[in-house]
Structures are given as structure tokens and as C-alpha cells.
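Data block below; observations after.
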Amino acid sequence: MRKNTRALLAAAALLTTLSVGLTGCAAIEQAVTGEKSITYDDAAAFRADSGVAAPWMPADATAIAMTQSTRAADAALTLASSTPLDESLCAEVERQSAPLFTVTEAVDVYKTTTAFACGDWTVVQTPGGWLGWTPGHPDEKEQSPS
């Protein structure tokens with residue numbers, strides 16, 4: 000009986016160590032890289048949970064993937080949407096900035112000459128929606144209607 004108790008205690012200690020270690024991996028990765036990646040099902044979930052203001056985001060946005068700095072307000076996000084950007088919030092301008100973060104499955108912004116200035120965000124169209132990043136270049140922001 001004593002051997003079984005020791006074995007059970009050892010197994011419990013090992014499982015506790017592993018679970019604490021594995022859940023700590025994301026925190027360690029965030030501390031080392033200074034960034035975190037989060038996904039949201041739709042615009043409503045993004046607005047409710049992200050703590051990030053992106054008023055340019057179309058209401059029908061889905062499959063939102065955001066990479067965000069853990070040290071500053073820098074962020075980049077991709078989303079699926081067939082809705083054009085709101086002209087009262089965004090204006091087409093010469094692209095002068097690029098996302099700080101590498102965004103997988105996005106367009107190569109260095110091959111685009113124009114973008115949309117949407118307040119603090121710069122946004123470009125992708126085949127399935129939009130790629131936005133903040134901060135954009137101050138000259139882009141200056142041309143934004145919002």
C-alpha cells in the first residue's frame with residue numbers, strides 16, 4: 000500500500016510540474032518575444048475581448064488573427080470580410096509604413112503602393128479581406144478622415 004501511495008504522489012507531482020511548466024510556456028514566449036497572438040471568431044468578439052480600438056473593422060469581419068506587442072500599442076491583424084472600408088473613417092493614401100509584426104497568409108505590403116489611412120491604423124486589402132497595423136506613418140494618419 001505504501002508503494003502505491005508513493006507512486007501516486009510522484010505521479011501527481013510530475014503532472015503538476017508538467018502542467019505548470021506547459022502553461023508557463025506561453026507566458027515565457029510572450030516575455031521573450033514581446034508579442035502575443037490572439038484569434039477572434041468575429042468583430043463582436045474582437046470588440047468585446049481585445050481591448051484594442053479598431054473602428055475601421057467591418058461589422059461582418061470573421062477569422063480575426065491579431066499579433067500584438069506586450070510592451071507597446073503596436074499591433075497587426077488580418078480578417079476576412081467582403082465589406083469595403085467606411086469612407087468616413089478611411090482614405091486611400093500612398094503607403095509609407097508596414098506592420099511591425101510578420102503576419103502569415105497576408106499580402107506582401109512592400110509590393111503595395113497604396114493603403115488606407117484609418118485613424119491610427121494603416122490597412123491594405125487582401126484576397127479575402129483586410130490586413131491592418133498600428134501605428135502607421137504619421138503622414139498616413141494625417142490624411143485619415145478619422
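Going by numbering that gives the first Met the number 0, the first residue of the sequence shown is number 0, and it counts up by one from there. Cβ atoms here follow ideal geometry from the backbone N, Cα and C, with glycine treated the same way.
1. Output yes or no for whether 8 Å exceeds the beta carbon distance between residue 102 and residue 66.
2. What three-state label does DSSP hand residue 21 in the structure shown?
3. State the DSSP-derived secondary structure class of residue 41, mapped to helix, strand or coil.
4. My assumption, with CB atoms under 8 Å, is that residue 61 sits in contact with residue 48. Please give the rounded CB distance.
5. Pull up the distance between the alpha-carbon of residue 79 and that of residue 54, whole angstroms please.
6. Using a Cβ cut-off of 8 Å (strictly closer), state whether residue 126 contacts chain D.
7. Can you tell me the Cβ-Cβ gap for residue 77 and residue 128, rounded? I've got them flagged as a contact below 8 Å.
Looking at the coordinates:
1. Locating residue 102 in the sequence shown gives position 103, counting from the first residue. Locating residue 66 in the sequence shown gives position 67, counting from the first residue. A contact, by the Cβ cut-off of 8 Å.
2. Counting from one through the sequence shown, the residue named residue 21 turns up at place 22. In this predicted model, residue 21 has a pLDDT of only 48, less than 50, meaning its place in the structure is not dependable; the value taken from the coordinates is given anyway. Residue 21: helix per DSSP, three-state reduction.
3. What you label residue 41 is simply residue 42 of the sequence shown in a count that begins at 1. Three-state DSSP puts residue 41 in a strand.
4. Along the sequence shown, read from residue 1 onward, the residue named residue 61 stands at position 62. Along the sequence shown, read from residue 1 onward, the residue named residue 48 stands at position 49. About 15 Å; that fails the 8 Å criterion.
5. Taking the sequence shown and counting its residues from 1, the one referred to as residue 79 is at position 80. Taking the sequence shown and counting its residues from 1, the one referred to as residue 54 is at position 55. In a straight line, the C-alpha of residue 79 is about 16 Å away from that of residue 54.
6. The structure shown contains no chain D; it is built from a single protein chain.
7. Indexing the sequence shown from 1 puts residue 77 at position 78. Indexing the sequence shown from 1 puts residue 128 at position 129. At roughly 7 Å, the Cβ-Cβ gap stays under 8 Å, so residue 77 and residue 128 are in contact.
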